[in-house]
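Numbering (our numbering), first residue to last: 7 to 241.
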């Protein structure tokens with residue numbers, strides 16, 4: 007079952023209304039949910055049959071139902087099945103399929119969908135990788151306006167906005183196809199913040215890169231962006 011609460015100005019709670027909820031409220035219209043993801047003003051739910059539901063703000067197509075119509079209750083993401091993981095950014099969504107491919111939809115201004123365009127997508131499109139196909143993916147994480155993926159060989163790949171180095175490729179150039187995060191391998195876990203990235207290696211070492219104004223990279227500094235991964239320090 008799914009329970010929701012908080013801001014509902016765009017219908018992101020999926021309860022059919024536009025009224026904020028200050029305590030958890032059960033969505034009785036859906037069941038069999040195995041994962042959920044909260045975006046900027048939209049929500050995703052992964053069903054046990056490998057299909058995805060979405061609701062909330064849809065101005066950029068982030069619900070993936072082929073329209074830009076705001077939805078106050080869950081609708082199906084079209085042309086997508088065999089999904090094993092989902093993640094939501096500010097206004098885009100990504101999904102990992104069981105065959106190791108990644109699909110995205112919604113806002114694509116910075117190339118965060120990775121389809122080698124900057125065109126918003128109202129239904130899922132496959133994410134691509136520079137120099138090779140983006141396959142054998144085992145985990146995905148959507149940042150604010152970028153996307154981060156983990157391959158089964160322990161490398162991380164990212165696309166989208168890069169003004170603070172959030173792609174970790176030692177540049178500040180946006181990428182419309184996924185590029186490899188520099189200098190780190192043997193990764194087992196990833197996470198994308200609004201403008202920074204994190205990864206953990208098999209030996210337990212944590213790495214971070216991107217925006218660091220508030221010290222969110224944990225390298226003992228603040229105000230110094232990192233364009234490639236640095237180790238997180240324990241104090």
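No residue lacks a Cβ here, since even glycine has one placed at the ideal position from N, Cα and C. Keep in mind it's a predicted model, so treat the numbers as computed, not measured.
- Unbroken beta strand (DSSP E) stretches of 3 residues or longer found wholly inside the segment 32-87: 39-44, 48-53, 58-62, 77-82, given in chain order.
- Per the Cβ contact rule, the segment 127-134 is not in contact with the segment 170-178 (fewer than 3 Cβ pairs under 8 angstroms).
- Linking residue 82 to residue 53 through their CA atoms gives a straight-line distance of about 10 angstroms.
- Between residue 118 and the set 188, 228, 150, 219, the nearest pair of CA atoms involves 150.
- Spanning the alpha carbons of residue 185 and residue 160 requires a straight line of approximately 14 angstroms.
- Assigned with DSSP and collapsed to three states, residue 123 falls in coil, not helix or strand.
- Only residues of its own chain outside the window of five on either side were considered, and among them 82, 83, 86, 87, 89 have a CB closer than 8 angstroms to the CB of residue 57, listed in chain order.
- In this structure, residue 113 lies near residue 66, with their beta-carbon atoms less than 8 angstroms apart.
- Spatial neighbours of residue 93 in its own chain (CB-CB distance under 6 angstroms, excluding positions within 5 residues in sequence) are listed in chain order as 43, 100, 146, 147, 148.
- Around the beta-carbon of residue 30, fewer than 16 other beta-carbon atoms lie within 10 Å, marking it exposed.
- Beta-bridge pairing by DSSP links residue 132 to 109.
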